[in-house]
Amino acid sequence: MSAHRDQLKIFVGGLAQHTTKQSLDQYFAQFGHADSYVMMDKATGRSRGFGFVNFTDQAVMEAVLQMAHEVDGVSVTVSPYAGNYNPKGGGRGGGGGTA
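To convert, note that position 87 of the sequence shown is 87 in our numbering; the numbers rise steadily by one, no gaps.
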C-alpha cells in the first residue's frame with residue numbers, strides 16, 4: 001500500500017521556517033485532499049526547509065505539479081516524490097535527465 005501512496009506524493013522545497021504541517025495542509029487542501037508533513041531537524045526542532053504532501057487523486061497531484069506555489073508568503077518548489085529520501089543522510093538524490 002505504501003508504494004501506491006508514494007505515487008501520489010510530492011516533494012515541496014524552500015519552505016519558510018515558520019511553515020507547519022497545518023499551514024501546508026491548509027494551502028494544498030484548496031486543490032483537493034492533502035496530507036502533508038514538514039521535515040524537522042531532530043537536534044534543534046527547527047524545520048529543515050522541505051516536506052512532502054500526499055494526495056488521494058492523481059489528477060489533482062498532476063495539476064499541482066504544473067503550477068507555481070507560495071506557502072506562508074514564500075515561493076516554494078514542487079516536484080514528484082523520487083522515492084529515495086534517506087533520513088540517515090544523503091537527501092533526495094539526483095534524478096537523471098533525458099537522453
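Where a beta carbon is used, it is the ideal one built from N, C-alpha and C, also for glycine.
Measure the C-alpha to C-alpha separation of residue i and residue j and round it to an integer number of angstroms.
{"i": "residue 67", "j": "residue 41", "result": "28 Å"}
{"i": "residue 52", "j": "residue 59", "result": "17 Å"}
{"i": "residue 19", "j": "residue 80", "result": "20 Å"}
{"i": "residue 13", "j": "residue 64", "result": "14 Å"}
{"i": "residue 15", "j": "residue 44", "result": "17 Å"}
{"i": "residue 35", "j": "residue 7", "result": "14 Å"}
{"i": "residue 48", "j": "residue 69", "result": "18 Å"}
{"i": "residue 24", "j": "residue 50", "result": "11 Å"}
{"i": "residue 56", "j": "residue 26", "result": "15 Å"}
{"i": "residue 74", "j": "residue 39", "result": "17 Å"}
{"i": "residue 108", "j": "residue 76", "result": "The displayed coordinates of the chain run from 1 to 99. Any statement about residue 108 would go beyond what the structure contains."}
{"i": "residue 78", "j": "residue 11", "result": "6 Å"}
{"i": "residue 17", "j": "residue 28", "result": "18 Å"}
{"i": "residue 31", "j": "residue 72", "result": "16 Å"}
So, with DSSP's three-state summary, where would you put residue i?
{"i": "residue 40", "result": "strand"}
{"i": "residue 55", "result": "strand"}
{"i": "residue 31", "result": "coil"}
{"i": "residue 12", "result": "strand"}
With distances taken from CA atoms, which of the options is nearest residue i?
{"i": "residue 83", "options": "30, 17 and 54", "result": "54"}
{"i": "residue 33", "options": "17, 39, 61 and 11", "result": "61"}
Between residue i and the ligand ADP, is there a pair consisting of the residue's CB and a ligand heavy atom that are separated by less than 7 Å?
{"i": "residue 82", "result": "Within the structure as shown, the ligand ADP is missing, as the structure has no ligands at all."}
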